[in-house]
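Residue numbering for the sequence shown follows the UniProt record's numbering, starting at 1 and increasing by one per position.
Contents: one structure, followed by commentary.
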Amino acid sequence: MITIATERPGALETIKQLSQAGIIMSIGRTVANYQQSRAGIDAGARMITHLYNQMNGHHHRQPGPLGMLGGATDVNPQNENKILEQDRDGEDANLSHPCLNNFRRWTGASIPVALQAVTSRPAAVLGLSDRKGTLRAVPMPTLLF
Numbered sequence: 001m002i003t004i005a006t007e008r009p010g011a012l013e014t015i016k017q018l019s020q021a022g023i024i025m026s027i028g029r030t031v032a033n034y035q036q037s038r039a040g041i042d043a044g045a046r047m048i049t050h051l052y053n054q055m056n057g058h059h060h061r062q063p064g065p066l067g068m069l070g071g072a073t074d075v076n077p078q079n080e081n082k083i084l085e086q087d088r089d090g091e092d093a094n095l096s097h098p099c100l101n102n103f104r105r106w107t108g109a110s111i112p113v114a115l116q117a118v119t120s121r122p123a124a125v126l127g128l129s130d131r132k133g134t135l136r137a138v139p140m141p142t143l144l145f
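See the structure below:
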């Protein structure tokens, strides 16, 4: 996956070429307006990462990349606090992860919807559904001293 700012010169063509080559393109680290963000989606970007890095403050008249989220999730993106940062710098998430709890508190999402937002949906976009994105019970290890 590659994150790119859609307002940069050549970004849309890069998104198009790389997504056609099978690389997952993500909008991020951007000050793009709604139209520039929409153009990135139209060119082939499928995710949004590093959402608030570089981004201007969210405003309903200039939603920027936040405005793109309405078609991709069940969450209304009109409030900037309704964004879930599911995985920072590659760290593993768990059910007590503060981001999951914050997401539920800010959005009112049910546990099943919140869990899908951090498991099956990202795994599907990344093409990892065959090995990631599911929850299963595993026995706790037995430690003998």
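C-beta atoms are modelled at their ideal positions from N, C-alpha and C, and glycine is treated no differently.
Within 8 angstroms, do at least three Cβ pairs link the segment 28–44 to the segment 6–17?
Cβ pair count under 8 angstroms is three or more, so yes.
Pull up the DSSP beta-bridge partners for methionine 47, would you.
In the DSSP output, where bridge partners are listed per residue, methionine 47 has Ser26.
For a minimum of 4 consecutive residues, which ranges assigned as the alpha helix (DSSP H) are wholly contained in the segment 100–141?
The qualifying runs are 111–118 and 120–125.
Does DSSP classify threonine 14 as helix, strand or coil?
Annotated three-state conformation of threonine 14 is helix, per DSSP.
So, is leucine 100 buried or exposed, given that buried needs 16 or more other C-beta atoms within 10 angstroms?
Buried is the call here.
Should isoleucine 2 and methionine 25 be called a contact, given that it needs their Cβ atoms to be closer than 8 angstroms?
The answer is yes: Cβ separation under 8 angstroms.
Kindly indicate the opening and closing residues of the beta strand (DSSP E) around threonine 3.
That run of the beta strand (DSSP E) goes 2–4.
Are the CB atoms of proline 65 and isoleucine 27 nearer to each other than 8 angstroms?
In this structure, proline 65 lies near isoleucine 27, with their beta-carbon atoms less than 8 angstroms apart.
Beta-carbon separation (whole angstroms), glycine 44 vs serine 19, contact threshold 8 angstroms:
About 3 angstroms separates the beta carbon of glycine 44 from that of serine 19, a gap short enough to meet the 8 angstroms contact definition.
If you draw a straight line from the alpha carbon of threonine 6 to that of histidine 50, how long is it in whole angstroms?
Approximately 13 angstroms between the Cα atoms of the pair.
Can you list, in chain order, the residues of its chain whose CB lies under 7 angstroms from that of glutamine 36, leaving out five sequence neighbours each side?
Within the same chain, and ignoring the five residues on either side of glutamine 36 in sequence, the residues whose Cβ sits closer than 7 angstroms to its Cβ are Thr6 and Glu7.
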